[in-house]
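**Q**
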Amino acid sequence: VCDVLDMSKVQHGKLSLTIKEFDLREAVEAVADRCRHVLLATAQSKDVDFRVEMNSPLRVLRGDNQRIQQVLTNLATNAIKYTTRGHVTLAVDVRRLDDADDS
């Protein structure tokens, strides 16, 4: 329900972001915890392993922590829901804006 309301806000240009510094590792761990709960709830019918890869030297980011966690949670839980066996990996790799032009 919240995602539908957020999408409506985006479409109408009314979504506000709260930009501040946050700890990336803590944010990813919060997402991973939520994903592990989803996996436990569906584990009886699935043979799926959940993994997290952090490939970022950056620890503190500036952005909307809540929205970033929301997007990562949605992506990862959807992957878990639609994976019947094997593994789902939440891979996080952050680059500085001035380094983005190199790749």
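Residue 2 is where the sequence shown starts when you use my numbering, and the numbers rise one by one after that. Beta carbons: idealized from backbone N, C-alpha and C, even for Gly. Since the structure is predicted, the reported quantities are computational estimates derived from the model, not experimental observations.
Please classify K47: does DSSP put it in a helix, a strand, or coil?
**A** coil
**Q** Would A33 and L91 qualify as a contact pair, given that the criterion is a beta-carbon distance under 8 Å?
**A** Cβ distance < 8 Å, so A33 and L91 count as in contact.
**Q** Compute the Euclidean distance between the alpha carbons of T78 and L18, then round it to the nearest angstrom.
**A** 23 Å
**Q** Could you tell me the distance, in whole angstroms, from the CA atom of N75 to the CA atom of S57?
**A** 21 Å
**Q** Taking only three categories from DSSP, how would you classify L91?
**A** strand
**Q** Let me make sure I understand the geometry here. Which of Y83, G87, L59 and V89 has the alpha-carbon closest to that of E1?
**A** As shown, the chain starts at 2 and ends at 104. That puts residue 1 outside it, with no answer to give.
**Q** How far does the alpha helix (DSSP H) with R68 in it extend, from its first residue to its last?
**A** N66 to K82
**Q** Once the 5 residues before and after L63 are set aside, which same chain residues still bring their CB inside 6 Å of it?
**A** Just to set this straight, residue 63 is Arg in the shown sequence, not Leu. These residues qualify, in order along the chain: E22.
**Q** Would you list the residues sitting across from D99 in a DSSP beta bridge?
**A** DSSP output for D99 lists no bridge partner at all.
**Q** Is the beta carbon of V89 sitting closer than 8 Å to the one on L25?
**A** no
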